[in-house]
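> Below you'll find the structure I mean.
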Amino acid sequence: MNDITLSLVVYTGTAIAMAFLGWHVNKREEQALLAGKPELSFWSWEIVLAMLIYVVVSSARWLVSWDYNMYYNYFVSMQSLGEYSRENFEPGFTGLTLLMARSGLHFALYFCFWAVVQILLLFYALRHRKALLPWLALCVFLGPYYIFWMGFVRQSVVEALFVLMIELIIRRKFWYYLLLSLVAASIHKMSVLLIPLYFVPLVPIRIKEKRWISYALLAVCIALGSYPQWIKWIFDSIGNFALVLGYDHYYRLFTSHNLEYAFRYVMGPARLCPLVCCLVVIWYYPAMKQAFSTDKLLSPTYRFSLVYMCYINLFANTTQYLTRPGELMRTCFVIIVCYCFHYLWRERKWLPLAIMSVCSFYYVYYEVYKFAMHGGSIFVPELYHTFLF
């Protein structure tokens, strides 16, 4: 089986299998609730099997991108040389890596551990919202999210944890939230930015036409992000704050004396499709809020998603180092898209559902097609490789 066929089979098969299991557990729970029984346990066999599939697929991946290779090489060199070749990893991440490396574990078990943490946090955050699980599986594996998560291992763990931490915002448990933020910072320094995010859902907004305000705000961010030269004064005044986030190495790249990192890119599918999904979400959010009026996760997730899209588009024409802080809220955007899918399917709104489907499920096929047409290095994130064969 060649790389292209293997990639299509793995990503499509995993998406369908996990989506079916999510649909099945949600159907069983709906029937149980109608019969007056309590909701199903988080440890229902469908959820356990879905998580197991995710972990097996993630553990078997091998040498797929620069980021994966970086973590792989650090882990293997620790086992063979007894030295950790990067000093600026966070203490929590370093400690766990050293522990597993010195235990003689196979590298697949190392990546297995981080995959378990990712999917367990995310599924547990949605344990009372099983209707979202089928859409989550399709969005994650057919969209760009799984590939990003497996590349940026530390950041993806923090993204999943943040979705779970929203419960603490809803319940006004600031000190617990702060504690988890500091724990997350031991995995990725950038997690200190989670602390001010606590207050985002708590700011009262008393504007009647919020939908049009949201569209206008997004349009302004897109316009400003199209010509990012204005951003230089931010870096000239950023000071030592870059040290706190672990960005001191990159700070020099963005000063006014070194502006080659400010570009203007064409808005291609990778940026345009999430934007279209966001426009649909904004339009239907008032109806979703009414339909899911008892769901307290919906409103804060929507706010974080809107902040995420504004931030990403504001800095889209600079560099990935600048967009990463906003990516802490990326999984919130995935969740709100799943809410929208669930609403559109339930209300039989086929046209917006079709638009959302095309924009959300195109990525893997598009990237594999590009590779098939134009070639290039076989070690790209979109292609699935495994050490098993």
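The opening residue of the sequence shown carries number 0 in numbering that gives the first Met the number 0; numbering runs sequentially from there.
Note that the Cβ used here is the ideal one computed from N, Cα and C, for glycine as well.
These figures come from a predicted structure and were not determined experimentally.
With H, G and I counted as helix, E and B as strand and the rest as coil, what does DSSP make of V318?
Reading off the sequence shown, one finds Thr at residue 318, where the question assumed Val. Coil, per DSSP.
> Pick from S298, Y307 and L62: whose alpha carbon is nearest that of C277?
Y307
> Mind checking whether H187 and E326 have CB atoms under 8 Å apart?
no
> Going straight from the alpha carbon of C309 to that of Y214, what length do you get?
Computed Cα separation, rounded: 10 Å.
> Are at least three pairs of beta-carbons, each pair with one atom in the stretch 21-30 and one in the stretch 107-116, less than 8 Å apart?
no
> Taking 7 Å as the limit between beta carbons, can you name the residues of its chain near R302, skipping five residues before and five after?
V199 and P200
> In angstroms, rounded to a whole number, what distance separates the CA positions of C358 and C272?
5 Å
> Under 8 Å: do the stretch 135-149 and the stretch 328-345 share three or more Cβ pairs, one atom per stretch?
yes
> Spatial neighbours of P169 within its chain, please: C-beta separation below 6 Å, excluding the five flanking residues on both sides.
For clarity, residue 169 is Ile in the given sequence; the question names Pro instead. Same-chain partners within the cutoff: K295.
> In angstroms with no decimal places, state the Cα-to-Cα distance between E346 and S292.
15 Å
> Do the CB positions of A18 and P195 come within less than 8 Å of each other?
no
> So is H23 buried or exposed if we call it buried at 16+ other beta carbons inside 10 Å?
buried
> Decide if L350 is buried, meaning its Cβ has at least 16 other Cβ atoms within 10 Å, or exposed.
exposed
> What is the rounded straight-line gap between the Cα of K348 and the Cα of R126?
Approximately 26 Å between the Cα atoms of the pair.
> Please give me, in chain order, every unbroken run of the alpha helix (DSSP H) with length at least 4 that falls completely inside the stretch 49-126.
65-80, 90-101 and 106-124
> Does the beta-carbon distance from L120 to L163 come in below 8 Å?
Cβ atoms of L120 and L163: closer than 8 Å.
> Please classify L382: is it buried, with 16 or more other beta-carbons within 10 angstroms of its beta-carbon, or exposed?
buried
> My guess is that F74 and F106 are in contact by the Cβ rule of under 8 Å, so how many angstroms apart are they, rounded?
5 Å
> Measure the C-alpha to C-alpha separation of L321 and F314 and round it to an integer number of angstroms.
7 Å
> Can you say whether I46 is buried or exposed, counting buried as having 16 or more other CB atoms within 10 angstroms of its CB?
buried
> Could you tell me how far apart the beta carbons of A460 and Q78 are, in whole angstroms, since I believe they sit closer than 8 Å?
Past the edges of the chain, shown from 0 to 388, lies residue 460, and the structure says nothing about it.
> Label Q154 either buried or exposed according to how many other C-beta atoms from any shown protein chain fall within 10 Å of its C-beta, with 16 as the threshold for buried.
buried
> Is F332 closer than 8 Å to S298 when the C-beta atoms are compared?
Going by C-beta atoms, S298 is not nearer than 8 Å to F332.
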